[in-house]
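Q:
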Amino acid sequence: MSQVSTLIDVDKPLFDLSTFAGRFQYFAWMTDPRTVVLSSDRLLEAKTMVERYRKGEQSEQLKSEQVHYNMKLYNSAFHPDTGELQNFCGRMSFQVPGGMLITGGMLAFYRTVPAVVLWQFINQSFNAVVNYTNRNANSPTSVTQLGVAYVSATTSALVAAIGCKNYWSKKATPLFQRFVPFAAVAAANFVNIPLMRQNEILNGIEVKNGEGEVVGQSRLAAIKGIGEVVVSRIAMAAPGMLVLPLIMERLEKLPAYRRIKWINAPFQTLLVGCFLCFMVPTACALFPQQCSLDTSIMRTFEPELYEDLEKKTQGNVPKRVYFNKGL
Numbered sequence: 014m015s016q017v018s019t020l021i022d023v024d025k026p027l028f029d030l031s032t033f034a035g036r037f038q039y040f041a042w043m044t045d046p047r048t049v050v051l052s053s054d055r056l057l058e059a060k061t062m063v064e065r066y067r068k069g070e071q072s073e074q075l076k077s078e079q080v081h082y083n084m085k086l087y088n089s090a091f092h093p094d095t096g097e098l099q100n101f102c103g104r105m106s107f108q109v110p111g112g113m114l115i116t117g118g119m120l121a122f123y124r125t126v127p128a129v130v131l132w133q134f135i136n137q138s139f140n141a142v143v144n145y146t147n148r149n150a151n152s153p154t155s156v157t158q159l160g161v162a163y164v165s166a167t168t169s170a171l172v173a174a175i176g177c178k179n180y181w182s183k184k185a186t187p188l189f190q191r192f193v194p195f196a197a198v199a200a201a202n203f204v205n206i207p208l209m210r211q212n213e214i215l216n217g218i219e220v221k222n223g224e225g226e227v228v229g230q231s232r233l234a235a236i237k238g239i240g241e242v243v244v245s246r247i248a249m250a251a252p253g254m255l256v257l258p259l260i261m262e263r264l265e266k267l268p269a270y271r272r273i274k275w276i277n278a279p280f281q282t283l284l285v286g287c288f289l290c291f292m293v294p295t296a297c298a299l300f301p302q303q304c305s306l307d308t309s310i311m312r313t314f315e316p317e318l319y320e321d322l323e324k325k326t327q328g329n330v331p332k333r334v335y336f337n338k339g340l
């Protein structure tokens, strides 16, 4: 067996993150739902091991599979900037099972207003936790801002869901009414994510040069990163919430299926899980995690921040700057 000291650099990505295929492999590896049941003690042990690897203290007898596994646990459960252990809902490994349960509930129980309100409330609570835990750590958010973001996103989701339901119940076919949950999710994402990360938009986020040195702040970088996250989140939900209603519309017309009424919610939840196993890594891989921005755009649209950039670089402004867009 090859030894870790000759094979693995824990600070170097295991996959080629410059390509979509490499990013897909990385996020499929990192969002593995099988690791969600591990205890906090095991995750903290993985962090300790990764820190030891960085210091060159790994055992010569340690197998590469063990190193890979500890890196996987560390990347899926700890914030990339602060190194803090994420809460349960915010961990990447919980995205598939958490999204599966909530989306399954939204699709199965969409016929009554109370059910719509309940599931949209649960979904936005989950989204708020995910958006907060995966924010840029260098842009702290106050409790008031978190409350405003949470209430605004939940309200927008409920308005979209109930408004579409009331309107489509009179104007649209029963099949079209099944798409109400997706309309609500899409609308809420446009509100929840920007509000939860509003400090990044207001104050800018740290941008780095090609060598990884912080050279300034940029609001445009924040807007670009958050915009890409919004698109990714909607893309993540779209196949399950748009294709599954078409499948269920046909299945529910079959006499054999209609005789087993209890199976409806579990079956839809299981199918959503199948979609998410593929769509979570796909959506996360749509855009590079380390985004870039042309500094000429900064010079045009945020001249004051560009001036600070010039001062910090002593006039040697890089052509492009780089930043972490978040998830």
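For any residue, its number in my numbering is found by taking its place in the sequence shown, counting from 1, and adding 13.
Note that the Cβ used here is the ideal one computed from N, Cα and C, for glycine as well.
Which whole-angstrom value describes the C-beta separation of V220 and V334, a residue pair presumed to lie in contact below a C-beta threshold of 8 angstroms?
A: 4 angstroms
Q: Tell me which residue opens and which closes the beta strand (DSSP E) that D307 is part of.
A: Q303 to D307
Q: In angstroms, rounded to a whole number, what distance separates the CA positions of F40 and C297?
A: Rounded to whole angstroms, F40 to C297 spans 7 angstroms at the Cα level.
Q: First and last residue of the alpha helix (DSSP H) that includes G229?
A: Segment V227 to S231 is the beta strand (DSSP E) holding G229; no alpha helix (DSSP H) there.
Q: Residues in the same chain with beta-carbon distance under 6 angstroms from L188, minus the five sequence neighbours each way, listed in chain order, please.
A: Take L188, set aside five residues on each side of it, and the residues of its chain with a beta-carbon closer than 6 angstroms to its own are E262, in chain order.
Q: What does a CB cutoff of less than 7 angstroms around Y123 pick up in its chain, not counting 5 residues either side in sequence?
A: Apart from sequence neighbours up to five positions away, the residues of its chain that approach Y123 with a beta-carbon distance below 7 angstroms are V129, R191, V193 and P194, ordered along the chain.
Q: Counting beta carbon pairs with one atom in the region 263 to 280 and one in the region 88 to 103, are three or more of them shorter than 8 angstroms?
A: Between the region 88 to 103 and the region 263 to 280, the count of C-beta pairs closer than 8 angstroms stays below three; the two stretches do not touch.
Q: Mapping DSSP to helix, strand and coil, what is Y335?
A: Three-state DSSP puts Y335 in a strand.
Q: For K25, count neighbouring Cβ atoms within 10 angstroms of its own Cβ and tell me buried if that reaches 16, exposed if not.
A: So K25 counts as exposed.
Q: State the Cα-Cα distance for the pair Q305 and G217, rounded to the nearest angstrom.
A: A quick correction: the sequence has Ser, not Gln, at residue 305. So the alpha carbons of these two residues sit roughly 14 angstroms apart.
Q: Look up K237 in the DSSP assignment and say whether it is helix, strand or coil.
A: helix
Q: Taking the beta strand (DSSP E) that V220 belongs to, which residues open and close that run?
A: I218 to K221
Q: Pop quiz: A199 and I247 are said to be a contact at Cβ under 8 angstroms. What is the actual Cβ separation, rounded to whole angstroms?
A: 5 angstroms
Q: For W42, report the span of its alpha helix (DSSP H) as first-last.
A: F33 to M43
Q: Taking the alpha helix (DSSP H) that S138 falls in, what are its first and last residues?
A: V126 to T146
Q: Does the contact criterion of 3 or more C-beta pairs under 8 angstroms hold for the region 35 to 54 versus the region 102 to 111?
A: yes
Q: Under the DSSP definition of a beta bridge, which residues are partnered with L98?
A: F91
Q: Here's the rule I'm using: 16 or more other beta-carbon atoms within 10 Å means buried, otherwise exposed. How should G238 be labelled?
A: buried
Q: Report the residue from V142, A201, L264 and I214 whose alpha carbon sits nearest the alpha carbon of A166.
A: A201
Q: Measure from the alpha carbon of A103 to the alpha carbon of each residue in T116, Q211 and N144, then state which is nearest.
A: Contrary to the premise, residue 103 reads as Gly rather than Ala in this sequence. The residue with the shortest Cα to Cα distance from G103 is N144.
Q: Helix, strand or coil, according to DSSP, for A121 in the structure here?
A: helix
Q: Answer yes or no: do A196 and C177 have a C-beta to C-beta separation smaller than 8 angstroms?
A: yes
Q: Out of H92, Y82 and Q38, state which residue places its alpha-carbon closest to the alpha-carbon of N337.
A: H92
Q: Please return the same chain residues whose Cβ sits closer than 7 angstroms to the Cβ of P252, not counting the five positions on each side in sequence.
A: F288 and M292
Q: Within 10 angstroms of its Cβ, does S169 collect 16 or more other Cβ (buried), or is it exposed?
A: buried
Q: If you run the structure through DSSP and keep just helix, strand and coil, what is V330?
A: coil
Q: Count the other C-beta atoms from every protein chain shown that fall within 10 angstroms of the C-beta of A234, then say buried if there are 16 or more, exposed otherwise.
A: buried
Q: For R232 and K183, what's the separation of their Cα atoms in angstroms?
A: 43 angstroms
Q: Report buried or exposed for M14, applying the criterion of at least 16 other Cβ atoms within 10 angstroms of its Cβ.
A: With a pLDDT of 40 at M14, under the threshold of 50, the predicted position of this residue should be treated as unreliable, and no value is reported.
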